[in-house]
Every structure is written in C-alpha cells, then in structure tokens.
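Numbering (my numbering), first residue to last: 651 to 1042.
Contents: one structure, followed by commentary.
Pasting the structure below:
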C-alpha cells in the first residue's frame, strides 16, 4: 500500500470512528479477562467431548487458535448477553470457521440437503452434521423469530462459502452480485439475531424493534469488517474476492472509488441503526444499548486482533493530523482490549495446554467474517472432519 492510499485508509477509519463516537467502556480489565477465561474454557470443554473429538480432525494447537478467536469476538461484541449465551455463540462460530474458505466441492454432498432437512434425515455434508448437533441447544436460548434469523444466516453463510470457492467477482454490469454475496457471507443475521436471547428480550412485546435492529445491523456488520480489513487485504492474493474488488469488477470503479463508497456506506449504516433505535419513543433502551455495545466492541476486537495488522499501521503513521488522530484511536482501543491470551486461554484440550503451541500462533486463525481461511490451507475443510461424520 503506497503512502497516499495509506492516508486515505486512516482518514476513512477516523471518519468512521468519529461517526460512531467510538468509546468501548463496557468492561473493566478484570471483568474482561474473567469473561474471556470462562467463555474459552467452556468452548474448549464442548469440543473436548467424545463425539466432537471424533468428528474433528485438526491439529490441537491450530484448533485452539480458532477457539481463541471465537471467544474473543464473542466476549468483545456480545457483552450484554449472559455467559451461557456467549459460550453458545462462541461454539457456533468455531463451526463457522471450520467451514470457511474450503475448496472442496460441496455439490455431491448437498444433492439431498433439502429433502433430508424436511424429512429429518441425517445430513451428508460434515459441516451440517456437526453444526446441527449444536444448533438445537443454541437456538433454545432464543424466540422463534431470532432463531429463524440465526438459521437463515447459517444457510446463507454456507451458500456464500460455496460461491467464494469459484473466486468469482461477478460479471461486468452485474451490480447486484457484490451485495448479494456480501449478504450471504456477512453473518449479519446471526449477529443480529443472537443479540436478543429470550430471557432478556420479549420477542412479542418488542417485535418491531428487534426486527428493525436485525435488519439495520445486517449490512453494517459486513461493512465494518470490510473497512477495517482493507489494510490487511490490500494487495493480498488470498483476499482478491472481496466487496471492494467486486464493485471494481462489476461497476468499473477504481479501488479508491470503491473504497470511498465502502466508507460512505459503513458510516451511514452504523449511524442509521443507532438513530433509528434511539428515535423510537416506544423502544426498550436495552436494544439500543445492546447494538451500541456490539458495534463498539466489534471495532475494539478488530483493533486488538493481530491479523488485521493495526500495530503495523500504527507504526507506519507519520505526523500528519489524520495519522496522529488514528494513533490516538489505536492507543485507546489497545488500552481497552489488549490482553495476552496466556491470561485467559489456558484450558487443556486433548492433553495439550494452550501455552504449548508447537510453533502455531494466533496468526493461524483468520477473522470470522471476511471469507478468509482461518489458518487452514485451501482444501482442508473435509480433513477437519473425521469420515464417520459423512452420512452413508
């Protein structure tokens, strides 16, 4: 990334942080550490059960890197939820990571997916076999509408990964394709739906507000990730198929024009969801508080996760006003959210403590929402699942 593009990037981030008035103040340090420790330990416990251990074939150190990422994003972004709900969301995201970026053609295993689903027959694709075992418990925390949003988003994500396997940007002139793909793989429905467990929110009484929150959050979830991933993905061939590059292909935009569009849409979307929810006289304030905590925690998580290379961006900054402003935002986020994983991710799994990484570090896991392999080489998805998970 050249210097002029870098300045555009940090200026765009500053504009977004100004728009949302970034201030993640939900945790003190001790509470954040304790919550991370609990969510990670319970996530590890789930996957250390005999059935799950038999179903997944992945190097323990690599798998634990995935669980650390999952635990962090949930603790930072779902702080208003109970610990039990956080654990359920974390376990869900581990399954999502296992699916991400596979090059195995799912078509043969998906031929009977619809009929098997309707008839209650075992699914043939290993992802669905493993995910379904968790979904029944996970969805029990939610009312019918939020459960359907979560289920829909799961279907969408699977289909989005299927599309991404083809490394297809869309045909020139196909203006709807980039948005279609980003909605599929953005996980907006799961993020929105899972924020409102039935123990804390009465779906019937708050139905218009919950439906609005899910609708308005769906796109910003993806766009925030795209905006904050731009530096990491710039010029990286592994990240060629993304929203910015797809807009370039389908609409003939330059990278700078496409990124400006992304910046505008990200700022507008995040501001709108808060304006709409804050402007409702009949709203439950917990809804807007939950969305606010999610968005600000999502920013903190991106800043603090090494895979997004914000430390590198911080060190690259010069003395221009925009670069100095970005440095202040970075320092604020790091003071809030930077915690060495050795303080909390020390649960033992398969006889290997997390401190023993065998040379595999957090960099092996990729972020949850941008379609990048989570420390897995292309084609490794089915190798993560043992053969018995595939129905005969």
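Cβ coordinates follow ideal geometry from the N, Cα and C atoms, glycine included.
Owing to the predicted nature of the structure, the values given are computational and were not obtained by experimental measurement.
Output yes or no for whether 8 Å exceeds the beta carbon distance between residue i and residue j.
i           : j           : result
residue 693 : residue 660 : no
residue 989 : residue 712 : no
residue 873 : residue 927 : no
residue 962 : residue 923 : no
residue 940 : residue 986 : no
residue 741 : residue 791 : no
residue 857 : residue 944 : no
residue 666 : residue 974 : no
residue 917 : residue 871 : no
residue 798 : residue 813 : no
residue 994 : residue 677 : no
residue 864 : residue 843 : yes
residue 853 : residue 793 : yes
residue 777 : residue 744 : no
residue 976 : residue 967 : yes
By DSSP, does residue i sit in helix, in strand, or in coil?
i            : result
residue 670  : helix
residue 706  : strand
residue 836  : coil
residue 721  : helix
residue 1027 : For residue 1027, the pLDDT reaches just 34, beneath the cut-off of 50, and the residue's location in the model is therefore unreliable, leaving the point undetermined.
residue 988  : coil
residue 767  : helix
residue 929  : coil
residue 968  : coil
residue 856  : coil
residue 884  : coil
residue 820  : coil
residue 994  : coil
residue 731  : coil
residue 775  : coil
residue 924  : helix
residue 658  : helix
residue 1010 : Low per-residue confidence applies at residue 1010: pLDDT is 28, beneath 50, and the placement is therefore not dependable enough to give any value.
residue 677  : coil
residue 851  : coil
residue 699  : coil
residue 830  : helix
residue 876  : helix
residue 756  : coil
residue 891  : coil
residue 846  : coil
residue 904  : coil
residue 762  : coil
residue 793  : coil
residue 868  : helix
residue 825  : coil
residue 918  : helix
Can you give me the C-alpha to C-alpha distance between residue i and residue j, rounded to a whole angstrom?
i           : j           : result
residue 839 : residue 881 : 26 Å
residue 724 : residue 845 : 10 Å
residue 905 : residue 651 : 12 Å
residue 859 : residue 670 : 20 Å
residue 895 : residue 658 : 17 Å
residue 714 : residue 702 : 14 Å
residue 662 : residue 705 : 43 Å
residue 695 : residue 875 : 29 Å
residue 673 : residue 914 : 21 Å
residue 655 : residue 910 : 11 Å
residue 680 : residue 992 : 14 Å
residue 848 : residue 855 : 11 Å
residue 767 : residue 758 : 16 Å
residue 969 : residue 948 : 27 Å
residue 770 : residue 829 : 32 Å
Between residue i and chain D, is there a C-beta pair that is closer than 8 Å?
i           : result
residue 847 : Here chain D cannot be found, since the structure has a single protein chain.
So, under 8 Å CB-CB, residue i and residue j are touching, yes? Tell me the CB distance rounded to an integer number of Å.
i            : j           : result
residue 827  : residue 836 : Residue 827 to residue 836, Cβ: 14 Å. No contact.
residue 686  : residue 709 : The Cβ separation is near 23 Å, so there is no contact.
residue 608  : residue 664 : What is shown of the chain runs 651 to 1042, which leaves residue 608 out entirely.
residue 781  : residue 804 : 7 Å
residue 1064 : residue 879 : What the structure shows of the chain is the stretch from 651 to 1042, and residue 1064 is not part of that stretch, so it cannot be assessed.
Give me the residue from the options with the minimum Cα distance to residue i.
i           : options               : result
residue 955 : 902, 704, 759 and 983 : 983
residue 825 : 884, 788 and 908      : 908
residue 823 : 654, 899, 973 and 787 : 899
residue 688 : 891, 720 and 676      : 720
residue 946 : 920, 762 and 769      : 920
residue 996 : 842, 934, 795 and 717 : 717
residue 807 : 747, 993 and 699      : 747
residue 981 : 934, 767, 777 and 965 : 965
residue 727 : 952, 991 and 910      : 952
residue 779 : 672, 818 and 760      : 760
residue 831 : 933, 767, 749 and 893 : 893
residue 775 : 847, 969, 959 and 755 : 755
residue 815 : 733, 679 and 749      : 749
residue 731 : 770, 937, 862 and 903 : 937
residue 934 : 850, 897, 810 and 787 : 850
residue 891 : 861, 942, 810 and 929 : 810
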